[in-house]
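Chemist: Using this note's numbering, the first residue of the sequence shown is number 16, and each one after it goes up by one. Have a look at this one.
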Amino acid sequence: MCVYVGITLEKGSMYNSVVEELEKIPEIVESQYTLGAYSILVKLYAHNAQHLMELLNGRIQEIPGVMATETLTSLDQRIKRTVPIEI
């Protein structure tokens, strides 16, 4: 299952240390430092709901500096493309 997790940090200055810990979780395939509702948005893949719960409760939420998470589960993906960027 494809899941997006919005992560709220205790302080923005904790970003680098939190990302270092997130990089150790192989199921996380992408992360973005964002403005808005979340400090970090990650994309991850879990085998099932039990695996997702283990990742959230046992890994992500245990990282020092992570104050809260919100999970969005993808039901379908219709568009996936890359955009060429010219410099």
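Even for Gly, the Cβ is constructed at its ideal location relative to N, Cα and C. Please read all numbers here as calculations on a predicted model, not as lab measurements.
Round the Cβ separation of Thr-88 and Gly-21 to the nearest angstrom and send it over; I've been treating them as touching at under 8 Å.
Modeler: Position 73 of the sequence shown, counted from the first residue, corresponds to residue 88. Position 6 of the sequence shown, counted from the first residue, corresponds to residue 21. Actually they do not touch by this definition, with Cβ atoms about 12 Å apart.
Chemist: So what's Ala-64 in DSSP terms, helix, strand or just coil?
Modeler: Position 49 of the sequence shown, counted from the start, is the residue given in the question as residue 64. Three-state result, Ala-64: helix.
Chemist: Beta carbon of Thr-23, beta carbon of Ala-52: below 9 Å?
Modeler: Counting from one through the sequence shown, the residue named residue 23 turns up at place 8. Counting from one through the sequence shown, the residue named residue 52 turns up at place 37. Yes.
Chemist: Any chance the region 59-79 sits against the region 30-47, with 3 or more Cβ pairs inside 8 Å?
Modeler: A contact exists between the region 59-79 and the region 30-47.
Chemist: Determine the DSSP secondary structure at Glu-45, reduced to helix, strand or coil.
Modeler: Residue numbering aside, residue 45 sits at position 30 when the sequence shown is read from its first letter. In this structure, Glu-45 counts as strand in the three-state DSSP scheme.
Chemist: Which runs of the beta strand (DSSP E) at least 3 residues long sit entirely within the region 77-101? Give them in chain order.
Modeler: 81-88, all fully within the region 77-101.
Chemist: DSSP three-state label for Ile-55, please.
Modeler: Here the question's residue 55 lines up with position 40 in the sequence shown. Strand at Ile-55.
Chemist: Quick one: what's got a C-beta closer than 6 Å to Met-16's C-beta in the same chain, skipping five residues either side?
Modeler: Start at 1 with the first residue of the sequence shown, and residue 16 comes out as number 1. Excluding sequence neighbours, Met-16 sits near Ala-61.
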